[in-house]
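In the working numbering, the protein residues as written are 146 to 518.
In this text, a Cβ means the ideal position worked out from N, Cα and C, and glycines have one as well.
The structure displayed is predicted, hence computed values, not measured ones.
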Amino acid sequence: MIRAVIIEDERPILELMKIIINKNKHLDIIGEFTDPNEALESIEQLLPDVIFIDVEMPCMNGIELAKEVMRIDENIQIVFVSAYEKYALGAFQVNAVNYILKPITEEELNVTVNRLLKNYNARKSLLTSNKKNKIYSLGRFKVYGDLEKEIKWPTIKVQELVAYFIYSEGEEIDKWHLCDILWTDSPPKKAEHNLHSAIYRLKTAFRDGGIEEIVSYEKGKYRIDLNDFYCDAWEFETFIRNNPLVNEKNIVNYEKIIDLYKGVLFGSEDYLWTIELNEKFDRYYVNGVKNIAKYYIKNKSYNKAEEYLKKAVKKDPFDEEAHELIMQVYSHVRQKIRLVSYYNNLNKLLKEELDIEPKESTKKLYKTLLMNL
146 MIRAVIIEDE RPILELMKII INKNKHLDII GEFTDPNEAL ESIEQLLPDV IFIDVEMPCM
206 NGIELAKEVM RIDENIQIVF VSAYEKYALG AFQVNAVNYI LKPITEEELN VTVNRLLKNY
266 NARKSLLTSN KKNKIYSLGR FKVYGDLEKE IKWPTIKVQE LVAYFIYSEG EEIDKWHLCD
326 ILWTDSPPKK AEHNLHSAIY RLKTAFRDGG IEEIVSYEKG KYRIDLNDFY CDAWEFETFI
386 RNNPLVNEKN IVNYEKIIDL YKGVLFGSED YLWTIELNEK FDRYYVNGVK NIAKYYIKNK
446 SYNKAEEYLK KAVKKDPFDE EAHELIMQVY SHVRQKIRLV SYYNNLNKLL KEELDIEPKE
506 STKKLYKTLL MNL
């Protein structure tokens with residue numbers, strides 16, 4: 146999604162703009178400001194893709210504000226909003242994407258978004274890189290070859306064999322290990338025969354997808370050459386492991402990486418050998434969304450923080466750190482009723498599901514937050 150910030154000095158108009166913008170599936174409001182100076186201070190941390198700027202503001206002209214934004218990051222796109230046409234010429238001198246007359250309408254916003262998407266897609270760094278062959282394994286299992294068509298697997302076992310090679314990331318695998326994983330209950334000779342047949346059909350499927358000579362065999366070990374493949378799971382794991390903290394430099398890519406997570410490895414395919422692997426990826430995901438939430442709390446974007454924390458507790462309802470962070474968000478926005486209700490619901494959940502009480506740290510935090518409201 147395109148990350149948007151709104152700068153409008155009149156609160157009623159800003160609220161109306163939020164309603165219209167939130168209806169568009171391509172836009173995600175990450176910040177809103179009535180004070181342009183406060184907005185400028187936050188731009189470097191928020192790193193929006195587009196800013197909707199009111200032209201007529203008492204403390205700073207919108208066009209001058211846009212010039213300041215360009216000094217911070219020339220890639221940020223600007224959309225001006227005004228009640229008058231007379232500022233349009235000056236607006237386009239700072240390369241505005243559009244100049245919208247108030248009141249903003251869904252139709253005019255759609256025109257603007259189409260322009261934004263063209264620029265955004267042309268500029269953004271694609272996570273999928275330039276590799277033609279693609280593997281999508283988070284929440285689904287699809288493989289695309291040189292012909293950009295999905296490769297179809299002739300049998301369930303061939304599909305599982307491919308999945309295991311992907312899990313092994315191109316490493317050599319002993320043939321008897323493969324037999325044990327895929328044909329546990331079969332006699333050795335039968336399992337070996339099944340493996341040879343599956344390998345042959347695997348090669349044929351890849352060949353039909355435009356990929357030749359992908360399988361090699363030496364000294365009793367099989368290997369699939371995956372060097373020319375992009376895989377969402379590899380990208381996800383590598384990024385999360387290499388970026389334990391979220392900051393203004395990596396927040397955009399961090400959110401894109403988290404969006405890669407669509408569910409368990411290989412989707413609905415129920416492979417026994419993925420149980421521990423899925424637990425690891427679940428931890429990566431939950432820790433990742435909590436890290437993003439902490440970044441937004443630090444930068445006082447509490448709505449975004451709550452959005453990500455709810456993703457964490459949806460995946461792991463018993464992650465008390467996520468629950469504690471949500472309570473902190475409610476404290477920051479002075480929502481005492483929501484804080485009390487949330488803590489009571491957490492108590493109920495832990496009692497009914499695990500027959501335990503919240504951790505002492507959670508109880509202590511709740512009392513402290515309550516006293517300060």
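Do we get a CB-CB distance below 8 Å when we pair Ile217 with the residues of chain B? Of the chains in the structure shown, none is chain B; there is only one protein chain.
Report the option in Cys324, Glu186, Lys334 and Met162 whose CA atom is closest to the CA atom of Leu254. Taking the sequence shown and counting its residues from 1, the one referred to as residue 254 is at position 109. Nearest of Cys324, Glu186, Lys334 and Met162 to Leu254, Cα basis: Met162.
What are the start and end residues of each continuous alpha helix (DSSP H) run of 4 or more residues lying completely inside the region 312–385, in chain order? 320–327 and 333–353
Reference Val434; option with closest CA among Ile471, Leu484 and Lys263: What you label residue 434 is simply residue 289 of the sequence shown in a count that begins at 1. Taking only the C-alpha atoms, the option nearest Val434 is Ile471.
Once DSSP output is grouped into helix, strand and coil, what is the label at Glu505? Residue numbering aside, residue 505 sits at position 360 when the sequence shown is read from its first letter. Glu505 falls in the helix class under three-state DSSP.
Are the CB atoms of Val242 and Asn264 nearer to each other than 8 Å? Stepping through the sequence shown from its first residue, residue 242 is reached at position 97. Stepping through the sequence shown from its first residue, residue 264 is reached at position 119. Taking 8 Å as the Cβ cut-off, Val242 and Asn264 qualify as a contacting pair.
Limits of the unbroken beta strand (DSSP E) element including Glu177: Counting from one through the sequence shown, the residue named residue 177 turns up at place 32. From DSSP, the beta strand (DSSP E) with Glu177 extends over Leu172 to Phe178.
Endpoints, alpha helix (DSSP H) assigned at Ile166: Sequence index remark: in the sequence shown, residue 166 carries index 21 (1-based). Segment Arg156 to Asn167, the alpha helix (DSSP H) holding Ile166.
Pick out whichever of Lys364, Glu251, Leu371 and Asp500 has its Cα sitting closest to the Cα of Glu358. Counting from one through the sequence shown, the residue named residue 358 turns up at place 213. Closest by alpha carbon: Leu371.
State the start and end residues of the unbroken alpha helix (DSSP H) segment that holds Ala211. In the sequence shown, the residue the question calls residue 211 occupies position 66. Element bounds for Ala211: Gly207 to Ile217.
Identify which residue in Ala211, Ile174 and Arg386 has its Cα closest to the Cα of Asn436. For this step, residue 436 is matched to residue 291 along the sequence shown. Answer by Cα proximity: Arg386.
Looking only at its own chain, which residues have a Cβ that is under 7 Å from the Cβ of Met215, when we skip the five neighbours before and after it? Counted from its first residue, the sequence shown places residue 215 at position 70. The residues are Val239.
Quick check: what's the CA-CA separation for Ala438 versus Val391? Counted from its first residue, the sequence shown places residue 438 at position 293. Counted from its first residue, the sequence shown places residue 391 at position 246. If you take the alpha carbons of Ala438 and Val391, they lie about 9 Å apart.
Residue interval of the beta strand (DSSP E) (run including Phe197): Numbered from 1 along the sequence shown, position 52 holds the residue referred to as residue 197. First-last of the beta strand (DSSP E) with Phe197: Val195 to Asp199.
Quick test of the definition: if touching needs 3 or more C-beta pairs under 8 Å, does the region 303–315 touch the region 344–354? yes
In chain order, what residues of the same chain lie with their CB nearer than 7 Å to the CB of Asn423, ignoring the 5 residues before and after it? Locating residue 423 in the sequence shown gives position 278, counting from the first residue. Cβ within range, chain order: Val409 and Leu410.
By a C-beta neighbour count over all protein chains shown, 10 Å radius and 16 as the cutoff for buried, is Ala228 buried or exposed? Looking up residue 228 in the sequence shown gives position 83. Label assigned to Ala228: exposed.
Considering only DSSP beta bridges, list what Val478 is partnered with. In the sequence shown, counting from the first residue as 1, residue 478 sits at position 333. BP columns for Val478 are empty, so no partner.
Tell me the rounded alpha-carbon separation between Cys324 and Lys481. Here residue 324 refers to the residue found at position 179 when the sequence shown is read from its first residue. Here residue 481 refers to the residue found at position 336 when the sequence shown is read from its first residue. Cα-Cα distance, rounded: 59 Å.
Please classify Tyr362 as buried or exposed, where buried requires at least 16 neighbouring CB atoms within 10 angstroms. Here residue 362 refers to the residue found at position 217 when the sequence shown is read from its first residue. Counting Cβ neighbours within 10 Å, Tyr362 comes out exposed, since fewer than 16 surround it.
Reduced DSSP secondary structure (H/G/I, E/B, other) of Glu295: Locating residue 295 in the sequence shown gives position 150, counting from the first residue. Looking at Glu295 - three-state DSSP - the assignment turns out to be strand.
Out of His171, Glu160, Asn398 and Ile208, point me to the one whose CA is closest to Thr383's CA. Counting from one through the sequence shown, the residue named residue 383 turns up at place 238. Selected option, being the one with the closest Cα: Asn398.
Mind checking Leu484: buried by the 16 CB within 10 Å criterion, or exposed? On the sequence shown, residue 484 is found 339 positions in, with the first residue counted as 1. With 16 or more Cβ atoms within 10 Å of its Cβ, Leu484 is classed as buried.
Report yes if the C-beta distance between Tyr440 and Ile396 is below 8 Å; otherwise report no. Here residue 440 corresponds to residue number 295 of the sequence shown, with the count starting at 1. Here residue 396 corresponds to residue number 251 of the sequence shown, with the count starting at 1. In contact: Tyr440 and Ile396 (Cβ atoms closer than 8 Å).
I believe Gly355 touches Asp427 by the beta-carbon criterion, under 8 Å. Please report the beta-carbon distance rounded to the nearest angstrom. In the sequence shown, counting from the first residue as 1, residue 355 sits at position 210. In the sequence shown, counting from the first residue as 1, residue 427 sits at position 282. With 8 Å as the limit, Gly355 and Asp427 do not qualify as a contact, their Cβ atoms being about 34 Å apart.
Who does Lys279 pair with in a DSSP beta bridge? Here residue 279 refers to the residue found at position 134 when the sequence shown is read from its first residue. Note: Lys279 sits in a beta bridge opposite Tyr289 and Tyr375.
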